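Here is the structure we will look at, set down as structure tokens.
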Amino acid sequence: MGIIKTKNLNYRVKIKNDNNEVTGYKTILDDININVKNGEFIAILGQNGSGKSTFAKHLNALLLPNEGSVFINGEDTSLVDELWKIRKQCGMVFQNPDNQIVGVTVEEDVGFGPENIGMPSKKIVKTVNHALEKVGMSAFKKKSPNHLSGGQKQRVAIASSLAMKPECIVLDEPTAMLDPKGRKDVLDLVKQLNKEEKMTIILITHHMEEAVSADKIFILNDGKPVICGTPRDVFLKIDEIRSLKLELPQIMELSYRLYQKGKISRYDMLDVDEFVAQYKEYVIKNNMGDIKKIRQSKNDNIKPEGLIEKTIQLQSEAERRVETDVLQLKNVSYSYDIGTSMENKAVIGADLSIKEKEFIGIIGHTGSGKSTLIQLMNGLIKPSEGEIYFRGKNIAEKDFNKRQLHFSVGLVFQYPESQLFEETVLSDVMYGPLNKGYEKEQAEEIAKKSLKSLGIDEEYFDKSPFDLSGGQKRRVAIAGVIAMEPDIIILDEPTAGLDPLTKDRLLESLKSLRQNKGKTIIIVSHSMEDVANYVERVIVINEGRIVFDDATKQVFKNIDELEKMGLAVPTVTYVMRKLKNEGYTEYGDVITIEEAVNVL
Amino acid sequence: MLRDITLGQYYQADSKIHKLDPRVKILSVFIYIVMLFVCDSFIAYAFSALALAMVICISKVPFKYIIRGLRAVFVLMMISALFNAFFTPGKIVFEFYFIKITQEGLIKTIQIGIRFVLIIISSSMLTLTTTPTNLTDGLEKSLGFLNCIKIPVHEIAMMMSIALRFIPILMEETNKIIKAQTARGADFETGGIIKKAKSMIPILIPLFISALKRANDLATAMDARCYCGGKGRTKMYPLKYKSRDYAAYLLLGLFIAVLIVEKIFVG
Numbered sequence: 110m111g112i113i114k115t116k117n118l119n120y121r122v123k124i125k126n127d128n129n130e131v132t133g134y135k136t137i138l139d140d141i142n143i144n145v146k147n148g149e150f151i152a153i154l155g156q157n158g159s160g161k162s163t164f165a166k167h168l169n170a171l172l173l174p175n176e177g178s179v180f181i182n183g184e185d186t187s188l189v190d191e192l193w194k195i196r197k198q199c200g201m202v203f204q205n206p207d208n209q210i211v212g213v214t215v216e217e218d219v220g221f222g223p224e225n226i227g228m229p230s231k232k233i234v235k236t237v238n239h240a241l242e243k244v245g246m247s248a249f250k251k252k253s254p255n256h257l258s259g260g261q262k263q264r265v266a267i268a269s270s271l272a273m274k275p276e277c278i279v280l281d282e283p284t285a286m287l288d289p290k291g292r293k294d295v296l297d298l299v300k301q302l303n304k305e306e307k308m309t310i311i312l313i314t315h316h317m318e319e320a321v322s323a324d325k326i327f328i329l330n331d332g333k334p335v336i337c338g339t340p341r342d343v344f345l346k347i348d349e350i351r352s353l354k355l356e357l358p359q360i361m362e363l364s365y366r367l368y369q370k371g372k373i374s375r376y377d378m379l380d381v382d383e384f385v386a387q388y389k390e391y392v393i394k395n396n397m398g399d400i401k402k403i404r405q406s407k408n409d410n411i412k413p414e415g416l417i418e419k420t421i422q423l424q425s426e427a428e429r430r431v432e433t434d435v436l437q438l439k440n441v442s443y444s445y446d447i448g449t450s451m452e453n454k455a456v457i458g459a460d461l462s463i464k465e466k467e468f469i470g471i472i473g474h475t476g477s478g479k480s481t482l483i484q485l486m487n488g489l490i491k492p493s494e495g496e497i498y499f500r501g502k503n504i505a506e507k508d509f510n511k512r513q514l515h516f517s518v519g520l521v522f523q524y525p526e527s528q529l530f531e532e533t534v535l536s537d538v539m540y541g542p543l544n545k546g547y548e549k550e551q552a553e554e555i556a557k558k559s560l561k562s563l564g565i566d567e568e569y570f571d572k573s574p575f576d577l578s579g580g581q582k583r584r585v586a587i588a589g590v591i592a593m594e595p596d597i598i599i600l601d602e603p604t605a606g607l608d609p610l611t612k613d614r615l616l617e618s619l620k621s622l623r624q625n626k627g628k629t630i631i632i633v634s635h636s637m638e639d640v641a642n643y644v645e646r647v648i649v650i651n652e653g654r655i656v657f658d659d660a661t662k663q664v665f666k667n668i669d670e671l672e673k674m675g676l677a678v679p680t681v682t683y684v685m686r687k688l689k690n691e692g693y694t695e696y697g698d699v700i701t702i703e704e705a706v707n708v709l
Numbered sequence: 153m154l155r156d157i158t159l160g161q162y163y164q165a166d167s168k169i170h171k172l173d174p175r176v177k178i179l180s181v182f183i184y185i186v187m188l189f190v191c192d193s194f195i196a197y198a199f200s201a202l203a204l205a206m207v208i209c210i211s212k213v214p215f216k217y218i219i220r221g222l223r224a225v226f227v228l229m230m231i232s233a234l235f236n237a238f239f240t241p242g243k244i245v246f247e248f249y250f251i252k253i254t255q256e257g258l259i260k261t262i263q264i265g266i267r268f269v270l271i272i273i274s275s276s277m278l279t280l281t282t283t284p285t286n287l288t289d290g291l292e293k294s295l296g297f298l299n300c301i302k303i304p305v306h307e308i309a310m311m312m313s314i315a316l317r318f319i320p321i322l323m324e325e326t327n328k329i330i331k332a333q334t335a336r337g338a339d340f341e342t343g344g345i346i347k348k349a350k351s352m353i354p355i356l357i358p359l360f361i362s363a364l365k366r367a368n369d370l371a372t373a374m375d376a377r378c379y380c381g382g383k384g385r386t387k388m389y390p391l392k393y394k395s396r397d398y399a400a401y402l403l404l405g406l407f408i409a410v411l412i413v414e415k416i417f418v419g
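If you read the protein sequences in the order shown, they are chains A and B.
Position in the first sequence (from 1) plus 109 gives the number in my numbering.
Position in the second sequence (from 1) plus 152 gives the number in my numbering.
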């Protein structure tokens, strides 16, 4: 028997009506039978609300099944008299790094578990040091967790479970709140623990790219395991994956599209090297080994269709814009805690001009100054140096109405759903327009319009915003900002923590806001794929300075510089660069799958 | 203003004061405050201030950091000082219609002001140089005798420790919510008291919800790491008195002795 085994695992929650009477049951986990062997790396995928987290909590005996049983190392979790014996064997790491750290210093937090199980003091110190070494955080032993980056905090959380000497670690979306570098660090660590320490890993994630490294993937849908198998087998079931509203890893997507066009004979490649090897085979097989020939033929072909369309589109848009600057930043700097020893320059000498109808992406690692920059843009904070102009007017001038700027440049904070407060969805969205000075009827009308523009139907208007799903809450919160009728909408990581389907829907709504209503959209994002797919212009910030500000394609050409800043480029760009380096394609700077399919 | 409270915020530095056993520091602050009430002459205050200044110097905590905590309670301090200035009977030095300021009143105001400042600085010193966990460890140990009368000392200490850890996080959260609602056009400045109170709702509700969610998450995380109360728990660094702690106790004794001598012979 493996380390984890579930037998007909069922879990239900009571549904209560307003009078607190039980009206029925909702099944969260439905008949799960799985068997995990020691040392296996399992990834669990599924939409928001598919029961992934509930399942994870069963492995640690935080929840007990209503029916069926969970065995950890052969022991039934509902029959064990001392739960800590189970919990010690199965460590857990949660999504939000802040909410799981108990200790005030890194070391104290890692020691918390061993203290709980009554380990002798000297042994705790040893165990803690050992655990911190394994995650590479020894240097931060005495530091406060509040001063660490998200990725570092998650590594501390992993060390905290390691200190209990578990045989298995369950990670519940550990990378959802991290930037690309933090995500990579955490994932590398998890892989290393699995390989070197033979640790059993259960990783719950929304990132298909992460699931690819697992030995096995389980996909949950409505509490049922629908697909199980190795990543290759699982992702080959393309139609099923799509019907479950999940997406394919980028390389798979690319190879499948090329396969459909008859370009390659297989589409089960999961990493860059595999794909490049397969593509080479195709080139050689078709007697196109002579690279010069390909080059010529490509040049003869003028340009593939997709590319032409895109350039034409860009040109005409540029014309339409007629160079009207909506917002201009001139040499803007901002420092926190001026005049103290902790003075910290968050933004240094930013020069920017935002034009009408643009779709802009801002990227940079956590703490690079992105959040400060966007707060400067809508006047929430005043620049320490430099000027900001809104439609040609200096916002620092006395006759400029600063509240008006909040309305004209809408700012959606990260996790905006945490700012909902009203009793109904509609009245929450009306908050902004009412503040703006609209009469009730007018405000209601505007609120309804903006809710609809984000795909929230009328049936939800009178519901409490707290009863909605995560993705719906997010959209309601964004509608609350759109209802103020801003010319520019800035969104700080609008897609963080959403599943692929919800994410795409949201980005599509933003895109149509721009096309149909002529709004300028600025998104801050950690997902290079989203940036590549939706945005035309990218602003890269590093250490408070704007390093790049150019068309998306131009920016993603600087792979090495971006990586040095803890950023990345879309996977497909890595593929194309490799192909170009080996002489198989002309187009090394392709950033979307669409384009790649067209040029290959 | 919320951000300026330094109470409960640990300032990391490598100093003798930081290394002291928390029990020493807790007892010292307690006695220090008692002594401020017992000995209220200006000489005693000068001596107490000097002692505190020495502690601050040794602790390596920047002075600016310490007085930041004062700003938040400044208003409270002013109100209580003014009350004393206006309502203490005695020799009148200044009169304006019904406002009478007396000499005794002035002296009392100054005394109360000094006492207030010293109390706040000394207790901030405790929290600035002691990690919350150490602080609660110290309290847990010092108050351990209360267990006999069935007061759950460990649980209270744990609650305090968690509260202290989450103060900075919740402050940041408050700040973020205020900004987010301002971005939605909220107006916290204009209007009467009722309108102002109403304008707090969009801040308070999200803040409560988030605090509850955090509490829930944290409880789950603690459960997952085998927390089940104080029973059978060990400590990574159990509190043990070292020679420097005895030296500190000695200095504390000296401090008390000087003040008592002053009280008897001078005051």
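Even for Gly, the Cβ is constructed at its ideal location relative to N, Cα and C.
Only a predicted model underlies this, so the values are computations on that prediction, with no experimental measurement involved.
Cβ of residue i within 7 Å of any chain B Cβ
{"i": "Gln301(A)", "result": "no"}
{"i": "His747(A)", "result": "No information on residue 747(A) is available, as it lies outside the stretch 110 to 709 that chain A covers here."}
{"i": "Gln551(A)", "result": "no"}
{"i": "His515(A)", "result": "yes"}
{"i": "Gly653(A)", "result": "no"}
{"i": "Met228(A)", "result": "yes"}
{"i": "Phe203(A)", "result": "yes"}
{"i": "Gln581(A)", "result": "no"}
{"i": "Asp331(A)", "result": "no"}
Contacts that residue i makes with chain B (C-beta to C-beta distance below 7 Å)
{"i": "Ile584(A)", "result": "Ile is not the amino acid found at residue 584(A); the sequence shown has Arg there. Simply none; closest approach about 16 Å."}
Pairwise C-alpha distance: residue j and residue i
{"i": "Lys177(B)", "j": "Gly220(A)", "result": "24 Å"}
{"i": "Arg223(B)", "j": "Asp297(A)", "result": "46 Å"}
{"i": "Leu529(A)", "j": "Glu617(A)", "result": "23 Å"}
{"i": "Lys502(A)", "j": "Gly627(A)", "result": "21 Å"}
{"i": "Phe297(B)", "j": "Ile308(B)", "result": "14 Å"}
{"i": "Val227(B)", "j": "Asn119(A)", "result": "59 Å"}
{"i": "Lys620(A)", "j": "Asn440(A)", "result": "30 Å"}
{"i": "Lys365(B)", "j": "Leu356(B)", "result": "14 Å"}
{"i": "His170(B)", "j": "Thr281(B)", "result": "5 Å"}
{"i": "Ser425(A)", "j": "Asn625(A)", "result": "The predicted model places Ser425(A) with a pLDDT of 48, which falls under 50 and marks its position as unreliable; any figure quoted below should be read in that light. The straight-line gap from Cα to Cα measures roughly 16 Å."}
{"i": "Leu577(A)", "j": "Tyr547(A)", "result": "27 Å"}
Chain-ordered chain B contacts of residue i [CB-CB under 8 Å]
{"i": "Thr196(A)", "result": "One point to set straight first is that residue 196(A) is Arg, not Thr, in the sequence displayed. Correct list: Asp375, Ala376, Arg377, Cys378."}
C-beta neighbour in chain A for residue i, strict 7 Å
{"i": "Ile262(B)", "result": "no"}
{"i": "Ser275(B)", "result": "no"}
{"i": "Gly384(B)", "result": "yes"}
{"i": "Pro120(B)", "result": "Residue 120(B) falls outside the range modelled here, since chain B spans only 153 to 419, and no answer is possible."}
{"i": "Asp369(B)", "result": "yes"}
{"i": "Lys331(B)", "result": "yes"}
{"i": "Pro358(B)", "result": "yes"}
{"i": "Asp156(B)", "result": "Since pLDDT at Asp156(B) reaches only 42, below the 50 mark, its modelled position is unreliable, and the value read off the structure follows with that caveat. Not closer than 7 Å to any Cβ of chain A, the Cβ of Asp156(B) fails to qualify, so no."}
Nearest to residue i (by Cα), restricted to the options the options
{"i": "Pro174(B)", "options": "Phe417(B), Leu406(B), Leu391(B)", "result": "Leu391(B)"}
{"i": "Ala371(B)", "options": "Arg583(A), Gly488(A), Gln209(A), Pro340(A)", "result": "Gln209(A)"}
{"i": "Arg500(A)", "options": "Asp434(A), Val518(A), Asp571(A)", "result": "Asp434(A)"}
{"i": "Thr285(B)", "options": "Asn225(A), Glu217(A), Gly160(A), Gly158(A)", "result": "Glu217(A)"}
{"i": "Ile262(B)", "options": "Leu234(B), Cys380(B), Met388(B), Ile244(B)", "result": "Leu234(B)"}
Chain-ordered chain B contacts of residue i [CB-CB under 9 Å]
{"i": "Lys545(A)", "result": "Gly337"}
{"i": "Val213(A)", "result": "Tyr162, Thr283, Pro284, Thr285, Asn286, Ser313, Leu316, Arg317"}
{"i": "Tyr540(A)", "result": "Gln333, Arg336, Gly337, Ala338, Pro354"}
Contact set between residue i and chain A, taken where Cβ atoms lie within less than 8 Å
{"i": "Lys171(B)", "result": "Those within 8 Å of Lys171(B) in chain A number zero; the least Cβ separation is about 12 Å."}
{"i": "Met388(B)", "result": "Glu216, Glu217, Gly220, Pro223, Glu224, Ser230, Ile233, Val234, Val237"}
Proximal residues of chain A, C-beta to C-beta of residue i below 7 Å
{"i": "Thr334(B)", "result": "Leu489, His515"}
Evaluate contact between the region 305-317 of chain A and the region 273-287 of chain A, counting only Cβ atoms and requiring at least three cross-stretch pairs below 8 Å. Taking 8 Å as the limit for Cβ pairs, the verdict is that the region 273-287 of chain A does touch the region 305-317 of chain A.
Three-pair Cβ contact test at 8 Å for the region 185-195 of chain B versus the region 402-412 of chain B: yes
Inter-stretch contact (C-beta, 8 Å, three-pair minimum) for the region 250-257 of chain A and the region 170-179 of chain A: no
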